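Below: one structure, written as structure tokens.
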Amino acid sequence: MKVKCPTCRKWTEWQNNPYRPFCSERCKLIDLGTWASGEYILEGEEISEESRNGGQNG
Numbered sequence: 040m041k042v043k044c045p046t047c048r049k050w051t052e053w054q055n056n057p058y059r060p061f062c063s064e065r066c067k068l069i070d071l072g073t074w075a076s077g078e079y080i081l082e083g084e085e086i087s088e089e090s091r092n093g094g095q096n097g
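Going by our numbering, the sequence shown opens with residue 40, and the numbers climb by one from there.
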């Protein structure tokens with residue numbers, strides 16, 4: 040089965056591909072860097088300060 044790499048859009052084999060869904064280590068690392076730089080985000084509810092502190096005040 041062939042799929043398109045989400046980074047470069049090149050067609051790549053799915054089976055026996057150690058970088059899937061990417062076509063190469065390069066595309067995999069580009070995607071990781073995009074997440075790490077904050078360009079990709081997952082929307083959700085804001086976390087309250089109380090929740091961040093484990094429910095403890097002060």
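Every residue gets a Cβ at the ideal spot worked out from N, C-alpha and C, and that includes glycine. Please read these numbers as outputs of a predicted model, since none were measured by experiment.
Option in the options with minimal Cα separation from residue i
i	options	result
leucine 68	Pro45, Trp53, Glu85 and Asn55	Pro45
methionine 40	Glu78, Gln54 and Arg48	Gln54
proline 60	Val42, Gly72, Asn92 and Gly93	Val42
Residue i in three-state terms, based on DSSP
i	result
glycine 97	The predicted model places glycine 97 with a pLDDT of 49, which falls under 50 and marks its position as unreliable; any figure quoted below should be read in that light. Glycine 97: coil per DSSP, three-state reduction.
glutamate 84	coil
threonine 73	helix
glutamate 89	helix
arginine 59	coil
Residues bridged to residue i [DSSP beta-bridge criterion]
i	result
glutamate 52	Lys41
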